[in-house]
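Residue numbers for the sequence shown follow this note's numbering, so the first one is 21 and each next one is one higher. Virtual Cβ for every residue (Gly too), placed ideally from N, Cα, C. All figures in this text were calculated on a predicted structure; none of them were measured in a lab. One structure below.
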Amino acid sequence: MPPNWAGGSISLPRVESPVQVTVHARQFLQQETLVIAVTMPSRPRSFAVSIESREDFVLFDSSFPAVRGGPRSYRLLVGAFPPDPLSLQVSLPIDQSFRITLTAEFDSPLIAAEVQGRPDMRVATRVRVVRTLDIRT
21 MPPNWAGGSI SLPRVESPVQ VTVHARQFLQ QETLVIAVTM PSRPRSFAVS IESREDFVLF
81 DSSFPAVRGG PRSYRLLVGA FPPDPLSLQV SLPIDQSFRI TLTAEFDSPL IAAEVQGRPD
141 MRVATRVRVV RTLDIRT
């Protein structure tokens, strides 16, 4: 970092989440398939999905590659600049509670806000939107 570097932050007004999520479920045998539709104001720089439970579980299927983080968690590898709208599909065991966390990181403030600095500085804005879904299959 340059010796004159200075960081800063500002508080923006609270707004309704720009990331809208709907979930549809269907059950087959001992699995429940969730179709999670995500609508965003623009394509995010990155998008992450984690699935956690208090009990051990197996992720039977997923529309994106998944990495097991332990006996009670998985992470879907969605990647950079996913499509908008984004459709995620996961098949989970029935009769279990899950927390699904969706994290989108955008390059712009997503609201009517302008951030400017001095002519000799570069200003970058990032907005991280986190949505949490508590689901019982």
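Buried/exposed call for residue i, threshold 16 Cβ in 10 Å
i: E36; result: exposed
i: E52; result: buried
i: F67; result: buried
i: V2; result: Since the displayed the chain opens at 21 and closes at 157, residue 2 lies outside it and no answer follows.
i: V87; result: exposed
Beta-carbon separation (whole angstroms), residue i vs residue j, contact threshold 8 Å
i: F101; j: R151; result: Contact flag wrong, Cβ pair sits at about 18 Å.
i: E72; j: R148; result: In fact, because the Cβ distance is near 19 Å, the residues do not count as touching under 8 Å.
i: Q50; j: E75; result: With 8 Å as the limit, Q50 and E75 do not qualify as a contact, their Cβ atoms being about 14 Å apart.
i: V69; j: L112; result: V69 to L112, Cβ: 13 Å. No contact.
Length of the line joining the Cα atoms of residue i and residue j
i: R156; j: P33; result: 33 Å
i: F126; j: G89; result: 25 Å
i: F77; j: V55; result: 18 Å
i: P139; j: L108; result: 43 Å
i: P61; j: R46; result: 28 Å
i: L79; j: V110; result: 7 Å
i: D154; j: T121; result: 9 Å
i: L106; j: M141; result: 35 Å
i: M21; j: F48; result: Bear in mind that the predicted position of M21 carries a pLDDT of just 47, short of 50, making it unreliable; the figure below should be weighed with that in mind. Straight-line Cα distance between these residues: approximately 55 Å.
N- and C-terminal bounds of the beta strand (DSSP E) containing residue i
i: Q109; result: L106 to P113
i: V58; result: Q51 to T59
i: S72; result: The sequence shown places Glu at residue 72, not Ser. Start and end: S66 to E72.
i: R95; result: S93 to A100
i: V43; result: Q40 to F48
i: R119; result: S117 to F126
DSSP-derived helix/strand/coil call for residue i
i: D140; result: coil
i: T152; result: strand
i: T145; result: coil
i: R159; result: Only positions 21 to 157 of the chain appear in the structure, and residue 159 is not among them; the question remains open.
i: D76; result: coil
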